[in-house]
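**Q**
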Amino acid sequence: MTKLLVVETSTRGDGSISRNMTRHFLKAWRAAHPDGEVISRDLVKTNLEFVTASWLQAYFTPPDHHTPEMKASLRLSDQLVQEILDADHVVIATPVYNYNVPSSLKAWVDHIVRKGLTLGNDGSGLVTNTKATVLFASGGVYTEGSPIRDRDIATQYLRLILNVIGISDVTVIAGGGAKAVDLGETTMDAFIEKLAPQLERAAAE
Ligand SMILES: Cc1cc2nc3c(=O)[nH]c(=O)nc-3n(C[C@H](O)[C@H](O)[C@H](O)COP(=O)(O)O)c2cc1C
Numbered sequence: 000m001t002k003l004l005v006v007e008t009s010t011r012g013d014g015s016i017s018r019n020m021t022r023h024f025l026k027a028w029r030a031a032h033p034d035g036e037v038i039s040r041d042l043v044k045t046n047l048e049f050v051t052a053s054w055l056q057a058y059f060t061p062p063d064h065h066t067p068e069m070k071a072s073l074r075l076s077d078q079l080v081q082e083i084l085d086a087d088h089v090v091i092a093t094p095v096y097n098y099n100v101p102s103s104l105k106a107w108v109d110h111i112v113r114k115g116l117t118l119g120n121d122g123s124g125l126v127t128n129t130k131a132t133v134l135f136a137s138g139g140v141y142t143e144g145s146p147i148r149d150r151d152i153a154t155q156y157l158r159l160i161l162n163v164i165g166i167s168d169v170t171v172i173a174g175g176g177a178k179a180v181d182l183g184e185t186t187m188d189a190f191i192e193k194l195a196p197q198l199e200r201a202a203a204e
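Numbered by numbering that gives the first Met the number 0, the letters in the sequence shown go through residues 0 to 204 in order.
Next up, the structure:
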């Protein structure tokens with residue numbers, strides 16, 4: 000059975016453009032994969048810590064020497080790692096904040112890049128046979144031809160980190176110019192409709 004992991008980060012609920020992109024993607028994905036399973040990882044509802052000294056100590060202690068406290072420190076990270084290892088397809092839906100991903104998503108990255116689990120000791124990625132689709136919502140437009148193309152750090156960053164853990168098949172769908180929805184210059188439906196062909200293509204693959 001095909002497994003889809005959906006990682007979402009926006010705090011804006013129904014008003015979130017990235018979450019509306021996810022909804023459209025999911026509708027098409029479910030139609031294309033009627034027997035598929037969707038695992039939702041909503042980072043707004045996940046109590047993710049930033050990296051702490053005790054977490055690092057647990058990370059760098061061989062598992063057979065883990066104390067109960069170390070096991071507890073790594074429990075959520077272990078679960079997040081398992082989710083990505085189990086997935087055939089990972090969707091990450093996120094706003095752009097200050098030219099990069101929100102801190103909640105960066106924290107998720109810090110929890111899923113784990114030596115020996117997602118990253119080999121030789122530096123090779125261990126998440127193989129998995130593809131990713133990244134859904135970005137951003138106030139500005141950063142795609143080819145944009146005068147602020149060089150500020151597209153978020154896309155470069157997520158592509159890089161997914162490649163590092165072994166996911167080389169990465170599709171990015173850029174919901175640029177999303178501020179038009181917030182300013183009432185266009186509707187959410189019209190905005191999503193423009194992205195629909197890309198979303199449906201990525202979901203059908
Ligand atoms: C704190 C904050 C920082 C932002 N920084 C950027 C930015 O650097 N570049 C940009 O294009 N849009 C920026 N935006 C606009 C958001 O990317 C845009 O509102 C997007 O639709 C948010 O995603 P969501 O609708 O899924 O919550 C920022 C918004 C907020 C709230």
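Each residue gets a CB set at the ideal place from its N, CA and C atoms; glycine is no exception.
If I measure Cβ to Cβ from Leu47 and keep anything under 8 Å in the same chain, skipping five residues before and after, which residues do I get?
**A** The count along the sequence shown starts at 1 and reaches residue 47 at position 48. Correct list, in chain order: Leu75, Ser103, Ala106, Trp107, His110.
**Q** Cutting at 6 Å between CB atoms, please list the residues of its own chain near Leu125, excluding the five before and the five after it.
**A** Numbered from 1 along the sequence shown, position 126 holds the residue referred to as residue 125. For Leu125, where only same-chain residues beyond five positions count, the Cβ hits under 6 Å are Thr117, Gly119, Gly165.
**Q** Restricting to Cα atoms, I'd like to know which of Ser167, Tyr98, Leu194 is closest to Ile230.
**A** Any question about residue 230 goes unanswered here, given that the chain covers just 0 to 204.
**Q** Can you look up Leu116 in the DSSP assignment and give me helix, strand or coil?
**A** As a position in the sequence shown, residue 116 is number 117, starting the count at 1. If DSSP states are grouped into helix, strand and coil, Leu116 belongs with coil.
**Q** For ligand 1, I want to know if Val95 counts as a neighbour, meaning its beta carbon is within less than 7 Å of at least one of the ligand's heavy atoms.
**A** Within the sequence shown, residue 95 is the residue found at index 96, counting from 1. The answer is yes for Val95.
**Q** So which of Val6, Lys2, Ile16 has the shortest CA-CA distance to Glu192?
**A** In the sequence shown, the residue the question calls residue 192 occupies position 193. Nearest of Val6, Lys2, Ile16 to Glu192, Cα basis: Ile16.
**Q** What I want to know is whether the C-beta of Ser72 ends up closer than 7 Å to one or more non-hydrogen atoms of ligand 1.
**A** Within the sequence shown, the letter at position 73 stands for residue 72. Checking the Cβ of Ser72 against ligand 1 gives no.
**Q** CB-CB under 7 Å to Lys114, same chain, minus the five flanking residues each way: which ones, in chain order?
**A** For this step, residue 114 is matched to residue 115 along the sequence shown. Closer than 7 Å at the Cβ level, and outside the excluded window around Lys114, lie Asn120.
**Q** Does at least one heavy atom of ligand 1 sit under 7 Å from the Cβ of Ile16?
**A** Residue numbering aside, residue 16 sits at position 17 when the sequence shown is read from its first letter. Flag set: Cβ of Ile16 near ligand 1.
**Q** If you follow the alpha helix (DSSP H) that His88 is in, where does it begin and where does it stop?
**A** Mapped onto the sequence shown, residue 88 falls at position 89. Element bounds for His88: not the alpha helix (DSSP H) but the beta strand (DSSP E), 88-94.
**Q** Count the other C-beta atoms from every protein chain shown that fall within 10 angstroms of the C-beta of Glu7, then say buried if there are 16 or more, exposed otherwise.
**A** As a working note, residue 7 is residue 8 in the sequence shown. Flag for Glu7 reads buried.
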